[in-house]
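K.L.:
My questions all concern the structure below.
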Amino acid sequence: MIHLFNTVKYLKSKQIRYRLYYFTRKRFRRLLGNTYILSKNANTQMLKFQKSIHIINSYQQNQHFNLLNLNKKFKNTIDWNYSEYGKLWTYNLTYFDYLSQEDEVNKRFLVESFIDNIENIKDGLEPFPISLRGINWIKYLSFQKIKNQKIDNSLYAQYYILLDNLEYHLLGNHLLENGFSLLFGAYYFQDEVLYKRSKEILEQELEEQILKDGAHFELSPMYHQIMLFRLLDCINLLQNNSWKEDNLLEFFILKAQSMLGWLDEISYNNDDIPLLNDSSHKIAPTTTQLFEYAQRLNVNKKNQKLKESGYRKISKSDYECILDVGEIGASYIPGHAHADTFNFELYIKDKPFIVDMGLSTYETNDRRTIERSTSSHNTVEVNGQNQSQVWGGFRVGNRAKIVSLKENDNLIEATHDGYKQIGVLHTRKWIFEDAQIIIEDNLSIKTKSIAKFHFHPSISKKEILERIVFKNKNFIINTYQYSPEFNIHIEAYVLEITFEKKLKIKILIS
12 MIHLFNTVKY LKSKQIRYRL YYFTRKRFRR LLGNTYILSK NANTQMLKFQ
62 KSIHIINSYQ QNQHFNLLNL NKKFKNTIDW NYSEYGKLWT YNLTYFDYLS
112 QEDEVNKRFL VESFIDNIEN IKDGLEPFPI SLRGINWIKY LSFQKIKNQK
162 IDNSLYAQYY ILLDNLEYHL LGNHLLENGF SLLFGAYYFQ DEVLYKRSKE
212 ILEQELEEQI LKDGAHFELS PMYHQIMLFR LLDCINLLQN NSWKEDNLLE
262 FFILKAQSML GWLDEISYNN DDIPLLNDSS HKIAPTTTQL FEYAQRLNVN
312 KKNQKLKESG YRKISKSDYE CILDVGEIGA SYIPGHAHAD TFNFELYIKD
362 KPFIVDMGLS TYETNDRRTI ERSTSSHNTV EVNGQNQSQV WGGFRVGNRA
412 KIVSLKENDN LIEATHDGYK QIGVLHTRKW IFEDAQIIIE DNLSIKTKSI
462 AKFHFHPSIS KKEILERIVF KNKNFIINTY QYSPEFNIHI EAYVLEITFE
512 KKLKIKILIS
């Protein structure tokens with residue numbers, strides 16, 4: 012119960028009001044037998060687009076899907092409610108990202124199958140999948156020059172279901188996705204109601220959600236890429252279709268320039284992103300793909316310096332180190348945050364050396380709990396506790412705060428209070444030299460603590476002992492499951508060093 016109180020106290024009043032409103036409304040409508048219409052007479056405008064980004068192939072012929080690295084081949088009809096792989100897999104099935112694949116596979120029948128079964132569809136008619144599916148259908152229909160009244164009528168009805176269920180109870184990336192999609196729907200159906208609401212959402216949410224240093228405020232590099240992709244798609248829409256003449260395009264371009272600058276800073280030289288918070292490979296478009304897309308749209312990056320996001324990046328001739336000296340973000344929607352203050356990653360000569368454990372699942376299970384915990388990150392765990400109260404899959408109660416921060420070109424030192432309930436402050440100092448990195452951990456009082464360093468699967472025990480230098484004799488090299496993608500687990504090594512008050516290590520680069 013205390014976790015729930017410590018979580019709810021961070022919510023915005025709007026979130027609480029809408030949660031109560033949607034909950035009460037659903038019950039009344041169920042009693043009255045009210046249902047949504049699933050086909051709405053539509054007049055559409057075929058839209059023009061420049062080439063967008065093609066998603067990784069996830070659909071093969073004969074109703075065979077590979078989503079989140081889990082395969083399913085439907086024998087007869089597609090079960091759009093298929094749930095054996097969890098809700099996120101069902102969501103991905105109904106997003107229709109695979110419509111953008113560069114292949115000759117017939118995909119129109121997938122859209123028609125969804126419509127033919129729409130009366131029985133559950134998760135796929137929630138506002139988030141409607142938002143993503145709406146964009147994907149409109150892009151597909153426009154690129155393929157398909158004019159089909161049945162599809163248009165179904166999609167128009169879905170947009171009004173979305174309009175009635177905008178995710179004000181969640182906010183964050185969910186509401187932003189609603190807004191992006193409403194803009195596509197507004198242009199496709201020439202609908203003033205959809206346009207007014209989309210403009211209101213996008214202007215307000217982009218202003219709040221994009222920090223001054225260009226980061227998306229949920230502090231996941233993967234979600235940053237997704238939000239940037241969606242923003243570039245909206246720029247593409249407005250540049251090539253002249254239904255409205257206002258300042259929305261200029262506003263979008265300014266935000267995209269800032270986001271491009273942050274993405275350029277946070278990405279490694281080899282195009283990887285750090286797997287900080289909820290981040291995974293092969294979900295979002297890559298950094299290179301996004302910059303190539305932006306170039307086609309004549310959108311240039313704004314030079315940014317990592318600051319408000321709490322991340323820092325130190326680059327030397329032979330290594331790149333990205334570290335987290337920030338706080339849980341955003342405070343009222345922390346579902347993608349981990350208990351990982353002072354976590355860091357290290358790439359040596361463009362190859363991963365020390366890495367984040369990664370992300371393999373959104374299911375509320377033991378693995379999700381492990382992946383969000385302090386012990387699964389490259390930081391210090393005190394008395395077996397988490398720095399921030401991560402729980403329930405997507406919840407955070409009390410969270411670590413940064414109480415001091417000092418930095419210059421080659422030194423970063425910070426203190427957090429995530430263990431204040433047991434009277435401990437944790438200070439970590441990084442010293443960056445050309446040939447080595449020195450990390451010093453200092454606890455305000457003596458107590459049992461473990462510093463952990465997770466290595467990429469390509470790193471051997473021999474290399475760990477050659478590169479990591481420390482005096483403590485109480486250590487062990489264990490194994491853990493590295494997850495660079497959803498539902499992927501690769502055995503790798505983790506160095507665990509036990510100490511009570513102070514620890515100093517050197518990471519040799521050369």
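Just add 11 to the spot in the sequence shown (first one is 1) and you have the numbering used here. Don't be surprised by glycine CBs; every beta carbon is placed ideally from N, CA and C. Please read these numbers as outputs of a predicted model, since none were measured by experiment.
1) For Trp254, count the other beta carbons within 10 Å of its own beta carbon; 16 or more makes it buried, fewer makes it exposed. Which is it?
2) Could you give the first and the last residue of the continuous alpha helix (DSSP H) run that contains Val204?
3) Answer yes or no: do Ser63 and Asp244 have a C-beta to C-beta separation smaller than 8 Å?
4) Is the CB-CB distance between Asp329 and Lys360 below 8 Å?
5) Which parts of the segment 13-93 are runs of the beta strand (DSSP E), unbroken and 3 residues or longer, counting only runs that do not cross its ends?
6) Counting beta carbon pairs with one atom in the segment 83-94 and one in the segment 126-140, are three or more of them shorter than 8 Å?
7) Locate the beta strand (DSSP E) running through Val393, then write down its first and last residues.
8) Please go through the segment 332-395 and give each complete beta strand (DSSP E) segment of 3 or more residues, from N-terminal end onward.
9) Evaluate Arg144 with the Cβ neighbour count: other Cβ atoms within 10 Å of its Cβ, from every protein chain shown; 16 or more gives buried, anything less gives exposed.
10) Tell me whether Tyr96 sits in a helix, a strand or coil according to DSSP, three-state version.
11) Does the separation of the CB atoms of Asn389 and Phe464 fall below 8 Å?
12) In the DSSP assignment, what residue or residues form a beta bridge with Glu507?
13) Beta strand (DSSP E) containing His292: first to last residue?
14) Beta-carbon separation of Lys268 and Lys313 under 8 Å?
15) Beta strand (DSSP E) containing His526: first to last residue?
16) Use the C-beta contact count for Arg41: other C-beta atoms within 10 angstroms, 16 or more gives buried, fewer gives exposed.
17) Return the chain-ordered list of same chain residues with a C-beta closer than 7 Å to the C-beta of Lys210, the five sequence neighbours on each side being excluded.
18) Note down the Cα distance separating Val19 from Asn54, rounded to an integer number of angstroms.
19) Would you decide whether Thr35 is buried or exposed? Buried here means 16 or more other CB atoms lie within 10 Å of its CB.
20) Mind reading off the beta-carbon distance from Thr509 to Phe486? Whole number of angstroms is fine, and I expect it under 8 Å.
21) So, Pro140 versus Thr105, is the Cβ gap smaller than 8 Å?
22) Which of the three DSSP states, helix, strand or coil, is assigned to Trp441?
23) Closest by CA to Tyr171, which one among Pro232, Asn247, Asn52 and Leu274?
24) Using the C-alpha atoms, what's the distance from Ile448 back to Phe481?
25) Might you give, ordered along the chain, the residues of its own chain that have their beta carbon closer than 6 Å to the beta carbon of Arg410, omitting 5 neighbours on each side?
26) What is the DSSP secondary structure of Gly408, counted as helix, strand or coil?
27) From Ser142 to Phe195, what distance separates their C-alpha atoms?
28) Ends of the alpha helix (DSSP H) at Ile172?
29) List the whole-angstrom C-beta distance separating Leu287 from Asp335, where the pair is believed to meet the contact cut-off of C-beta under 8 Å.
30) Can you check which of these residues, Leu422, Tyr102, Ser469 and Asn164, is closest to Phe364 by C-alpha distance?
31) Could you please give me the residues that DSSP links to Glu418 through a beta bridge?
32) Give the DSSP-derived three-state secondary structure of Trp254 in the structure shown.
33) Pick from Val366, Phe262, Asn394 and Ala348: whose alpha carbon is nearest that of Ile284?
34) In or out: Asp445 buried (at least 16 other Cβ within 10 Å) or exposed?
35) Which of the three DSSP states, helix, strand or coil, is assigned to Leu308?
36) Determine which residues share a DSSP beta bridge with Leu454 and list them.
P.N.:
Based on what the coordinates show:
1) Trp254 should be labelled exposed.
2) Segment Glu203 to Gln220, the alpha helix (DSSP H) holding Val204.
3) Cβ distance < 8 Å, so Ser63 and Asp244 count as in contact.
4) It is a contact, given that the beta carbons lie within the stated cut-off.
5) Segments of the beta strand (DSSP E) lying fully in the segment 13-93: 75-78 and 81-84.
6) As far as the Cβ criterion goes, the segment 126-140 touches the segment 83-94, which means the pair count is three or higher.
7) Taken as a continuous stretch (DSSP letters only), the beta strand (DSSP E) holding Val393 covers Val391 to Val393.
8) Taking only runs of at least 3 residues, the beta strand (DSSP E) segments lying wholly in the segment 332-395 are 355-359, 362-365 and 391-393.
9) Flag for Arg144 reads buried.
10) In the displayed model, Tyr96 falls within coil according to three-state DSSP, outside both helix and strand.
11) Closer than 8 Å, so yes.
12) Bridge partners of Glu507: Lys463 and Ile487.
13) Where His292 is concerned, there is no enclosing beta strand (DSSP E), given that its DSSP letter is neither H nor E.
14) Reading off the sequence shown, one finds Gln at residue 268, where the question assumed Lys. A contact, by the Cβ cut-off of 8 Å.
15) No information on residue 526 is available, as it lies outside the stretch 12 to 521 that the chain covers here.
16) By the 10 Å Cβ count, Arg41 comes out exposed.
17) Excluding residues within five positions, the ones whose Cβ falls inside 7 Å are Leu259.
18) Each residue's Cα considered, the two are about 43 Å apart.
19) Thr35 comes out exposed.
20) Contact between Thr509 and Phe486 holds, since their C-beta atoms are separated by about 7 Å, short of 8 Å.
21) Against a cut-off of 8 Å, the Cβ pair of Thr105 and Pro140 comes out as a contact.
22) It is a strand residue.
23) Residue nearest to Tyr171 within the set Pro232, Asn247, Asn52 and Leu274 is Asn52 (criterion: CA-CA distance).
24) Answer to the nearest angstrom: the Cα atoms are 12 Å apart.
25) Here the set comprises Ile339 and Ser399.
26) Gly408 falls in the coil class under three-state DSSP.
27) For Ser142 and Phe195, the distance between alpha carbons rounds to 10 Å.
28) From DSSP, the alpha helix (DSSP H) with Ile172 extends over Gln160 to Leu174.
29) Correct: roughly 6 Å between the Cβ atoms.
30) Considering only alpha carbons, the answer is Ser469.
31) DSSP output for Glu418 lists Ile423 as bridge partner(s).
32) Of the three classes helix, strand and coil, the one that applies to Trp254 here is coil, per DSSP.
33) Minimum Cα distance to Ile284 is reached at Val366.
34) It is exposed - the Cβ of Asp445 has fewer than 16 other Cβ atoms within 10 Å.
35) Residue state, collapsed to three classes: coil.
36) In the DSSP output, where bridge partners are listed per residue, Leu454 has His437.
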